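Going down the list, the protein sequences come from chains L and C.
Read in order, the letters of the first sequence correspond to residues 2 to 588 in the numbering used here.
Read in order, the letters of the second sequence correspond to residues 4 to 260 in the numbering used here.
For glycine and all other residues, C-beta sits at the position ideal for the given N, C-alpha and C.
Treat the numbers as computed from the prediction; the structure is a model and nothing was measured.
Since the structure comes first, as structure tokens, the remarks are kept for the end.
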Amino acid sequence: MGRKQAISTLRYWQTGAIGTRTGAFVLSMLVVASIAVFTVPAVALTPLNDAQMSSVNGKGLAFAFDDFRFQMAPTSYFNQVGGNVTASTSFNRGDLYWVGTTISSGAADGAGGLYDFSDYAYVNNQPIAPSGSGHAGQVMLSPLSYPIGKGGTQGYAAVNNPFVLRVRTYDAVGLKDGNRSDWVANVPNTMIELLGPTHSTNFRWAFWGQVDTFNKTTGSYPYVSNNDRGTMIGPAFQNQDIIIGSPTSCFHPDCSMPAGDGTANGRIDTSNPIAGPVFRMYQSMASDGTNDQTLGMIYQHRLSGDWRFSVNQKDKRTVNPDGSIKRGVVPAFSSEEGMYFMDVNTYLPLGTMHYQSLTLDGKPDGNFSLDLTRLPNDPDAYNDFYSAADSSGYKRAGRVDRYYETHGYVRWGNNFPTCSGPNCLSGTGVSNVRFALASDPDGPTLVVNSSNFPAATGCQVGGVTGGAGSGVCDSWDGKTVGNVVVASSKKAVLGAGGMIFVAKNGQSWQLPNNPGSATTTGAPHMLWVERGGDSSNGYTYQLTRDARYNKVDYNPKVDVTAINLGSSRVEGMTIQHLKIETLGAAN
Amino acid sequence: MLRSLIFSLLIMLSCMSVAQGLQPLNDSQLSAITGRQGIAMDFEYAMNADYQGHPLDVDGKGKCVGAGNHCTLGITVNKHTNMWVMMKDLFGVQRLNDFWIDAGELSDVVTKQSGLKQVVNGTSYALADPASFKDSAGNCLLTGGTTGCLPSGLPALKMQYKPGNVAVTGANAKNGQSLAATDGFGTFESDVEWFLNIGRVNVQFGTDAYNPNFEVTNSTTGSFMTYRISDFRHDIDPSFSPVAHIDYDGRVMMFGF
């Protein structure tokens, strides 16, 4: 923007572009105040001497949040606009929108209220917050049912654990001036770093998204009209993302293991296992000339919590009769449907001091690249990077803390198989919670006892009576029945953690009870238990078993409303080299 | 508006004319000064746009469109000589409304946050981390008003936007803590209004690669990114302002150590 433009813009403001008289007055007084300060002779000021200056201990700046809350209007967005389409590619243009981004309370009831994006109204073009407590107090499947909490993030960046911005010098494997090809230990490098809180209570982060695709475009912004985008392909894809968690995770993939001490960032307390994110900027070190001594960055990403991704909407408010999307209408997403990732714990280090950095570069064709520089082929560098061996060789257990700084991991869920071998990744056992069903075809899974089969209910399971195989109920005392199909509640399915898919409210889909076998058809094979007798001769169970129950091919199709796909983990992740390049500028 | 400017000009002139007559205040006089309630600020910044965010014809070439228009911003970094990341067709407006700055006591907030804990695998952990305030040798960097190398007694700069006027009390309160009207949780205020259009982004090489006309003479009009911050209501009806509306509640406490 040229100087001439700056002046002409200012003139425009002065002639009335500023919205209110009050705003203009305040702006004017602020300008006057700043001018007045400089016109008054500074006769009373005296300079600080060295002794006074040395007592200023400016080691860092801290930023703490107090009930912090961030809310965009539910139609306001961040937009990544797709590139123009040319005849040489089969791609179509796609526009991405992140809409209504919000950071609010992670409490189950939102600390005063829970809302959908669609609960916000507009009056005279001004968003209006919903009144009352909204959906708080309603029966809901989980706190992930609704994206917006009324209250703020109470414990995110607390005063005693804030964001810290500071400059610090670290000694690590690096390059010295005069020899930019030999990596050696204990090379100092000064960097500015932003440290996120190491401990945080969970908060709610949500947005709704939209993807528009077009078959052509005639140009980039500003559009004269929406027709300039080209013809839209299909309806817009609208979705909702809700995360309840915090940007912290365990230092070790196994949260039961505490962190050590003497770590490079010096910010992990030995008494607890949790660490926070870090972003650093400094002068990079690299063996190749392109990435050496330019802007270098490190980002240690951490995240823990639960995430729900959903697409189902309660109604068709956003849809025109021809199936196109009504732009600007906020969708009303349903409260249960979606893909859930529960008990997530992740750590991804992008860069390692001082031999691997994120750097920026450009290409002659106008494109841009982001480079996580290559791990140097030097023993000082790669031995530090891997930190997985000592004098006795490769270690599968008892690794040093440095290993866990350079190796990332992703876990969702905590139910992993137990193992007894010396080198296996341990677990507490796989959960037997599989799915929630619309109905259980062989009846509830129960132990035969007087509590589960009291006289009042007639000791009855299932609906098929008669048939061969009767027996005295006492012989079945303590046995489990109805356990060919074992159903759980939706809450239990979510509570087991891992990856879960939940159908939209009131809907289901069919799966074989045992996907490894062919399904059986016909009437259900029931075990029918009847309790007979009276108190004078002791109650007895009269067991009548359907003959077909003995068949081993009993494998009905079940109506599933929620399914747990299990836990997953990837550990020991390292990136030796990563380069991301754009292509659009060359089109 | 004109009267405000004249008033401001007179204030400025009067400040200059009495400068020679100012006398320093003594401690007794200074201690009698009251009314230190902080400051409130409105801020507005427009780049190549009018108050509504509509692009201006800054160079006679059109409203921030077309090759060679002057609505650009170039960025370069060390070691990449004559390499410029160019943001083109750049225009927008940002307004910060009723931004308050005041002094604050960290101890008040510490008390409010004292019972909060992070739960991991069923184990509760207090939020405090003294390591945040220590040097690499483990020495505490905090001075005065602290215990256990935690900043609870320090003063801080308190920053917030003017909150709404709805309080949340009684059954809707949480953990015995009512959400006072100063928290602003019950209303939506347009604390920040922000419209940004970055029409094209590419990388250009040359001693004058930052010059808006470079792309014309060198045929470098391609782009790998277009980015926009706006609101769907403007997309439907251009008479609506294109700004995105953002509401901030609560406050940020800034302190040094």
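Is the distance from the Cβ of L/Pro131 to the Cβ of L/Tyr147 below 9 Å?
Contact: no.
List the DSSP bridge partners of L/Met638.
This structure cannot speak to residue 638 of chain L, because chain L is shown only from 2 to 588.
Pull the bridge partners of L/Cys251 from the DSSP assignment, please.
The partner list for L/Cys251 (beta bridge, DSSP) reads L/Ile275.
What do you reckon, are the CB atoms on L/Gly483 and L/Asp441 nearer than 9 Å?
Their beta carbons are under 9 Å apart, which means L/Gly483 touches L/Asp441 by this criterion.
Does any residue of chain C bring its CB to less than 9 Å from the CB of L/Ala65?
Chain C, which has a Cβ nearer than 9 Å to the Cβ of L/Ala65, makes this yes.
In chain L, what lies closer than 8 Å to C/Ile249 by C-beta?
Here the neighbours are Phe71, Gln72, Met73, Ala74, Ser77.
Mind checking if L/Ala587 is an interface residue toward chain C, Cβ cutoff 9 Å exclusive?
Answer yes: the Cβ-Cβ gap between L/Ala587 and chain C drops below 9 Å somewhere.
Can you grab the Cα-Cα spacing for the pair L/Pro516 / L/Pro445, in whole Å?
Answer to the nearest angstrom: the Cα atoms are 20 Å apart.
For L/Gln53, collect the residues of the same chain with a Cβ closer than 7 Å to its Cβ; drop the 5 residues on either side in sequence, then sort them by chain order.
Below a pLDDT of 50, predicted positions are generally treated as unreliable, and L/Gln53, at 47, falls in that range; no measurement from the model is reported.
Give the range of the beta strand (DSSP E) segment to which L/Asp372 is assigned.
Taken as a continuous stretch (DSSP letters only), the beta strand (DSSP E) holding L/Asp372 covers 369-373.
Rounded to whole angstroms, what's the CA-CA distance from L/Phe92 to L/Val86? Just pull it up for me.
Rounded to whole angstroms, L/Phe92 to L/Val86 spans 7 Å at the Cα level.
Is L/Ile149 helix, strand or coil by DSSP?
Note: L/Ile149 maps to strand in three-state DSSP.
If you draw a straight line from the C-alpha of C/Asp234 to the C-alpha of L/Asp366, how long is it?
Rounded to whole angstroms, C/Asp234 to L/Asp366 spans 33 Å at the Cα level.
Would you say C/Asp45 and C/Leu93 are within 9 Å of each other, going by their C-beta atoms?
Their beta carbons are not under 9 Å apart, which means C/Asp45 does not touch C/Leu93 by this criterion.
If contacts are defined as beta-carbon pairs under 8 Å, then L/Met574 and L/His408 qualify, I think. What distance do you get, rounded to the angstrom?
Right, the Cβ-Cβ distance comes to about 6 Å (below 8 Å), so this counts as a contact.
Find the residues of chain C that neighbour L/Leu62, judging by a C-beta separation of less than 7 Å, and give them in chain order.
By Cβ distance, chain C contributes Met257, Gly259.
Between L/Thr360 and L/Asp372, how many whole angstroms is the CB-CB distance? I'm expecting something under 8 Å.
Confirmed, about 5 Å.
Return no unless some Cβ of chain C is closer than 9 Å to the Cβ of L/Thr583.
Answer yes: the Cβ-Cβ gap between L/Thr583 and chain C drops below 9 Å somewhere.
Is there contact between the region 165-174 of chain L and the region 186-201 of chain L, where contact requires at least three CB pairs shorter than 8 Å?
Yes, they touch.
Could you check whether L/Glu194 and L/Val168 sit closer than 9 Å to each other, using their CB atoms as the reference points?
Yes, the pair counts as a contact, with Cβ atoms nearer than the cut-off.
Cβ of L/Asn162 less than 9 Å from any chain C Cβ?
Chain C contact via Cβ: present.
Quick one: grab the DSSP three-state call for L/Arg673.
Residue 673 of chain L lies beyond the residue range present for chain L, which begins at 2 and ends at 588; the question has no answer from this structure.
Name, please, each residue of chain C whose Cβ falls closer than 7 Å to the Cβ of L/Phe280.
Residues of chain C passing the Cβ test: none, with the nearest at roughly 15 Å.
Suppose the cutoff is 6 Å on Cβ atoms and the five residues either side in sequence are ignored; what does the same chain contact list for L/Pro1 look like?
Look at the range of chain L in this structure, 2 to 588, and you will see that residue 1 of chain L is not part of it.
Roughly how many angstroms lie between the CA atoms of L/Glu337 and L/Met73, to the nearest whole one?
Cα-Cα distance, rounded: 24 Å.
Determine whether the Cβ of L/Asp402 lies closer than 9 Å to any Cβ atom of chain C.
No, L/Asp402 does not count as interfacial toward chain C.
Contact criterion: CB-CB distance below 9 Å. Does C/Lys165 meet it with respect to chain L?
No, C/Lys165 does not count as interfacial toward chain L.
Pick out whichever of L/Asn216, L/Thr199, L/Phe215 has its Cα sitting closest to the Cα of L/Thr249.
L/Thr249 has its Cα closest to that of L/Thr199, out of L/Asn216, L/Thr199, L/Phe215.
Return no unless some Cβ of chain C is closer than 9 Å to the Cβ of L/Pro365.
Judged by the 9 Å Cβ criterion, L/Pro365 is in contact with chain C.
Expressed to the nearest angstrom, what Euclidean distance is found between the alpha-carbon atoms of L/Lys492 and L/Val140?
Each residue's alpha carbon lies about 12 Å from the other.
For C/Ser117, tell me which candidate among C/Ala212, C/Ser155, C/Asp105, C/Gly167 has the shortest Cα-Cα distance.
For C/Ser117, the nearest C-alpha among the options comes from C/Ser155.
DSSP has C/Met89 in a bridge; who is on the other side?
C/Met89 pairs with C/Gly77, C/Asn205.
Does L/Ala65 come out as helix, strand or coil in the three-state DSSP assignment?
It is a strand residue.
Which residue from C/His73, C/Thr150, C/Thr149, C/Lys165 puts its Cα closest to that of C/Asp101?
Of the listed residues, the one whose Cα sits closest to C/Asp101 is C/Lys165.
Is it buried or exposed for C/Asn72, if we count other Cβ within 10 angstroms and need 16 for buried?
So C/Asn72 ends up on the buried side.
Assuming L/Ala137 and L/Gly107 form a contact by the criterion Cβ under 8 Å, report the distance between their Cβ atoms to the nearest whole angstrom.
Not confirmed; about 13 Å, so no contact.
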